[in-house]
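J.: By the count of my numbering, the first sequence reaches residue 208 at its end, each step adding exactly one.
Glycine residues also receive a C-beta, built at the ideal position from the N, C-alpha and C atoms.
Have a look at this one.
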Amino acid sequence: MRDKLLEIYDKLFERYSNQYWWPAATKEEVVIGAVLTQNTSWANVEKAVENLKQQGVCSFEGIYKINIEQLKIYIKPAGFFNQKAEYLKNTAKFFLENGSINGLKKRDTKILREKLLKIKGVGKETADSILLYALDKPVFVVDAYTKRLIERHNLSKNTDYDSIQRLFEENLKKDTALFNEFHALIVKNAKEFCTKKPRCNGCPLEGV
DNA sequence: CACCAGGAATGTA
DNA sequence: TACATTCATGGT
């Protein structure tokens, strides 16, 4: 399985090269984007983030202090704005009360993940995205694209979140840079060949 | 018009 | 545990 996963990685990297994720100016913006992108296209997230930047509140302090009704207006393009405004408030509060980015980076990964999952609005994928892309922890992020990849190539019997995550983490070296690039490449490839028509034609993973 | 996008919480059986 | 429903905007 290790060779299979590395074959997929190599073919994706050969096609697309470095993706330089997460696309954000600061680590705090990574966390904010991770919440905003829940079941939402990245283009819409960018509009919401741009609004927050123009208002000078694209930070934990900014999110924490701003009036929630005003926050809803700024993040409106990202959808689910009633929920996400509350989720962003919860997340900003958590970081401000627990040492923020640099303070939390020193903590144990497993403990950190459990604490992140207690935040209302932060599920497994969002927690893992924060761990990997904001806190530089070697955690593999599983999203809908990753699940579809595993299913279509029949790489695992169990396709629940934890099973797929273990598949990657137990077969690859726990390397932050590798997990960062691998997930980004999966998303890049899926956007190009799994949604647009015709599907799969010319996909670097044909026959893998 | 339908469908979905870098999910999560909540409710039901 | 395993599904179903709800949340909402904007592009294709």
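#1: Roughly how many angstroms separate the alpha carbons of Arg107 and Tyr64, rounded to a whole number?
#2: Could you say if the segment 187-201 and the segment 156-165 meet the contact criterion of at least three C-beta pairs nearer than 8 Å?
#3: Does DSSP put Ser163 in a helix, a strand or coil?
#4: How is the alpha helix (DSSP H) around Ile111 delimited, first residue to last?
#5: Could you give the C-beta distance for Lys188 and Tyr16, rounded to a whole number, given that I count them as a contact under 8 Å?
#6: For Tyr20, does the count of other Cβ atoms within 10 angstroms reach 16, so buried, or fall short, so exposed?
#7: Taking the alpha carbon of Glu29 as the reference point, which residue from Lys4, Ser59, Lys11, Phe13 has its own alpha carbon closest?
#8: Could you check what DSSP says for Ile221 in three-state terms: helix, strand or coil?
#9: So the alpha helix (DSSP H) Phe81 belongs to, where does it begin and stop?
#10: Evaluate Ser41 with the Cβ neighbour count: other Cβ atoms within 10 Å of its Cβ, from every protein chain shown; 16 or more gives buried, anything less gives exposed.
#11: Using alpha carbons as the reference points, say which of Ile66, Thr109, Phe81 lies closest to Ala218.
#12: Just to confirm before moving on: does the CB-CB distance between Ala184 and Thr126 stay below 7 Å?
#13: Confirm, please, whether the CB-CB distance from Pro204 to Lys72 is below 7 Å.
#14: What span of residues does the alpha helix (DSSP H) with Gln54 cover, start to end?
T.: According to the structure data:
#1: 23 Å
#2: no
#3: helix
#4: 109-117
#5: 5 Å
#6: exposed
#7: Ser59
#8: Within the shown structure, residues of the chain are numbered from 1 to 208, placing residue 221 beyond reach of any answer.
#9: 81-97
#10: exposed
#11: No answer is possible for residue 218: the residues shown for the chain start at 1 and end at 208.
#12: no
#13: no
#14: 42-54
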